[in-house]
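Novice: Got a structure here, written out as structure tokens. Questions coming.
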DNA sequence: AGCAAAGTTCAATCTAAATTGAACTTTGCG
DNA sequence: CGCAAAGTTCAATTTAGATTGAACTTTGCT
């Protein structure tokens, strides 16, 4: 006799779908792929920690995706291994303190770009200084300096952001 | 007799290429396409305003791309039409005040997402309240409330961001 | 008005990045 | 140890979204 409500015990219920949609949207704004939003979203709305297989089954994504997604989320500090667990699987639970999420994102996704940007701009400044035409050199130097100021402002603002979002 | 230095008078010089690379990278972090970085970057490093055709010629992008890119940049307040100009073309120049760039980005790219997120979360809260199992309802309500708090924090932080980056 | 240059639109195409899945490595139980 | 379950890796595939280009509209000069 078939299940009265849904053909698959792993199927997500409507509320879970709604939550996933919010997170899929959220991570897209941050430039992260859909699967990341789905994984974090499901962990976020699940009352108990989940193993990789649970994600594969319930989200219908591949083991590869789940594995890579969990790694990224661990690196961001957005997910941690739950201690305990009966079997030998690793169970994951979401970090739900905004402070931690923001901190991880800044550390992993923002800072590296700021740093490599700073390097490129330093090189640019050098190139600009060695331009022969003095009018052009002057103009370029001004623009490069402005670029440099933007970077500094960005770097200065991050600690404030963290403080403001720290709980 | 061929040109001694480069086959094409429109070709970008190495310094211009470096600048474009910085902007292409920069806009990618913000989730915007490469062409946007190229267009803004070229305007940023050009001593005079440029017309759509200049962008097409120098960046070797299509008229369509240039037109759409300029529209987006105008909407962001990152580019404005230069007044004057000899012919009937429209010439564009970059907005170079960080305040303006940040403001436009927040208004066009961040706020809409925060707003639609808020809406979705309100719906979620409703769904959560109508869950029958009291244990599950309690859990869901807590999580949804947390989500709501995140949104509020995000909304509250934007004015500070603007203030900190203003000037 | 008539015309050509300027600019816009959007379906078709291309491309970069996400996802898959099968082969592989690791883990730890019996 | 030997084995199966768990997890990882990465080349191949798929997909989302950026770009193109040709048809179209708009603009303003003579």
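Residue numbers (the working numbering), protein chains in the order written: chain E, 28 to 194; chain A, 28 to 194.
Just so it is clear, CB atoms sit at the ideal spot from N, CA and C, and this is done for glycine as well.
Remember, it's a predicted structure, so these values are computed and weren't measured experimentally.
(1) In the DSSP assignment, the beta strand (DSSP E) including residue 106 of chain E goes from what residue to what residue?
(2) Give the single residue among A/37, A/69, A/60 whose Cα lies nearest to the Cα of residue 170 of chain E.
(3) List the endpoints of the continuous beta strand (DSSP E) containing residue 41 of chain E.
(4) Less than 6 Å between C-beta atoms, sequence neighbours within five positions excluded: which residues of the same chain meet that for residue 82 of chain A?
(5) Going by DSSP, what residues sit across from residue 118 of chain A in a beta bridge?
(6) Listed in chain order, which residues of the region 120-135 of chain A have Cβ atoms closer than 8 Å to some Cβ of chain E?
(7) Excluding the five sequence neighbours on either side, which residues of its own chain have a C-beta within less than 6 Å of the C-beta of residue 138 of chain A, listed in chain order?
(8) Put residue 158 of chain E into one of helix, strand or coil per three-state DSSP.
(9) Counting only the same chain and skipping the five closest in sequence on each side, list residues whose C-beta sits under 6 Å from that of residue 54 of chain E.
(10) Residue range of the alpha helix (DSSP H) that residue 62 of chain E falls in?
(11) For chain A, is any of its Cβ atoms less than 8 Å away from the one on residue 48 of chain E?
(12) Where does residue 134 of chain E fall in DSSP's three states?
(13) Going by the beta-carbon positions, is the gap between residue 155 of chain E and residue 118 of chain E smaller than 8 Å?
(14) Could you check whether the Cβ of residue 173 of chain A sits closer than 8 Å to any Cβ belonging to chain E?
(15) How many Å lie between residue 99 of chain A and residue 135 of chain A at the Cα?
(16) For the region 52-67 of chain A, list every residue whose C-beta sits within 9 Å of some C-beta in chain E, in sequence order.
(17) Ends of the alpha helix (DSSP H) at residue 96 of chain E?
(18) Relative to the alpha-carbon of residue 73 of chain A, which residue among E/110, E/167, E/72, E/143 has its alpha-carbon at the smallest distance?
(19) Run through DSSP, which three-state label would residue 38 of chain A get?
(20) Just to make sure I have the definition right: I need the residues of chain E whose C-beta is within less than 9 Å of the C-beta of residue 155 of chain A. Which are they?
(21) Between the region 143-161 of chain A and the region 37-47 of chain E, can you find at least three pairs of beta-carbon atoms closer than 8 Å?
(22) What does residue 140 of chain E reach in chain A if we use C-beta pairs closer than 9 Å?
(23) Per DSSP, what kind of secondary structure is residue 124 of chain E in: helix, strand or coil?
(24) With a cut-off of 8 Å, does the C-beta of residue 148 of chain E fall near any C-beta of chain A?
(25) Please state the DSSP three-state secondary structure of residue 87 of chain A.
(26) Residues of chain A with a CB under 8 Å from the CB of residue 184 of chain E: which are they?
Specialist: The structure says:
(1) 106-109
(2) A/69
(3) Not the beta strand (DSSP E): residue 41 of chain E falls in the alpha helix (DSSP H), residues 41-56.
(4) 66, 93
(5) A/78, A/109
(6) 123, 125
(7) none
(8) coil
(9) 63, 64
(10) 61-72
(11) yes
(12) helix
(13) no
(14) yes
(15) 10 Å
(16) 52, 53, 55, 56, 57, 58
(17) 90-102
(18) E/167
(19) coil
(20) 42
(21) yes
(22) 52, 53, 55, 56
(23) coil
(24) yes
(25) coil
(26) 188, 191, 192
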